[in-house]
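Residue 344 in our numbering sits at position 242 of the sequence shown, and the numbers go up by one each step.
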Amino acid sequence: MNRLLKIIKEKESITSEKEKLEKYKSTFTLEFNDLKNKYEKACESNLSNNSSFESIKLSNTNLETELKKYKERNFKLENEINIAIDEINKGNDIITKLQTQLKKIKDKLKSKTLEHDNLQKINTQNEKQITQLNNELKNFKDTIDQQNVAQDNLKKENDMLKKKYDELLKELNISREVNLRLNKEITNNNLDIYNTKLNPMAPTPNVLSGVNFRVDTNLLDKDLFTKLKANLKNSSIPNNVPGYTLDRFNLLFFGLINFII
């Protein structure tokens with residue numbers, strides 16, 4: 103760019119010098135023409151006046167000498183003008199080349215500017231997408247945290263239900279064992295009653311108050327003792343059981359409660 107400005111200044115200087123030389127040439131041309139006219143007039147005057155022939159001849163010689171000088175100076179000025187024109191043309195060529203290079207640089211700069219703008223737009227879009235993805239990630243993390251909390255609550259509830267299930271299973275096993283024992287006692291009592299009916303003279307069977315009744319206490323804990331006691335106390339006795347059998351059942355029933363407690 104500096105080189106272009108320098109060449110432009112040189113061109114302006116050469117152009118100015120050319121204009122000065124052309125003016126100088128024009129001035130000398132006018133002077134030459136004036137001298138030529140004077141010479142022609144002097145010749146005419148000299149021809150009409152023979153007495154001044156020598157002076158005219160001398161004047162003519164002087165005029166020719168001056169004319170020769172003017173011609174030489176005019177030739178020199180023309181050469182200088184031609185040289186200046188050549189320099190101007192060279193400067194114009196250089197300026198044209200520099201302008202072409204400058205245009206290429208401007209086009210390249212425009213392309214780079216457009217590319218930079220596109221990259222800036224893409225970067226802005228990427229930043230928006232990153233922000234959106236960060237928000238989605240945050241929401242996803244919040245959802246996972248909520249699911250983890252819900253999962254922990256479900257695990258606690260599951261543990262509580264499992265504990266309750268284990269307790270109910272223990273209670274069920276105890277109830278089954280007690281039921282089996284009671285059914286066995288009732289069956290034995292019914293057999294004794296039936297045997298008494300068949301053998302009236304046979305001695306009355308002894309009522310046992312659950313002395314030989316055994317329950318697996320490993321299946322029990324303190325809370326289950328309380329529940330089983332309540333269940334046994336609230337249990338109903340069949341209506342069709344004879345009084346004799348009912349007495350044995352009550353003795354066995356409450357003997358079992360006392361044993362468990």
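Even for Gly, the Cβ is constructed at its ideal location relative to N, Cα and C. From a predicted model like this one, the values you see are computed outputs, not experimental measurements.
Q | From E114, E168 and E189, residue whose alpha carbon lies closest to that of L137 | A | E168
Q.
Let's test the definition: count the other Cβ atoms within 10 Å of the Cβ of I232 and tell me whether it reaches 16, buried, or not, exposed.
A. exposed
**Q.** Outcome for N291 when other beta-carbon atoms lying within 10 angstroms are tallied against a minimum of 16
**A.** buried
Q) Taking Cβ to Cβ, would you say A186 is nearer than 8 Å to L132? A) no
**Q.** Buried or exposed (CB count within 10 angstroms, at least 16 for buried), I246
**A.** exposed
(Q) Using only the alpha-carbon positions, how far apart do I190 and S213 sit? (A) 34 Å
Q.
Excluding the 5 residues flanking E182 on each side, which residues of the same chain have their C-beta closer than 6 Å to its C-beta?
A. L123
**Q.** Distance, D268 Cα to L256 Cα
**A.** 18 Å
**Q.** For L179 and Y141, believed in contact at Cβ under 8 Å, the rounded distance
**A.** Contact flag wrong, Cβ pair sits at about 21 Å.
**Q.** Member of T129, K266, L216 and K111 whose CA lies at the smallest distance from the CA of R175
**A.** T129
(Q) Within 10 Å of its beta-carbon, does V251 have 16 or more other beta-carbons around it, so buried, or fewer, so exposed? (A) exposed
Q: Could you check the C-alpha separation between T215 and Q248 for me, to the nearest Å?
A: 49 Å
Q | Status (buried if at least 16 other CB within 10 Å, exposed otherwise) for E259 | A | exposed
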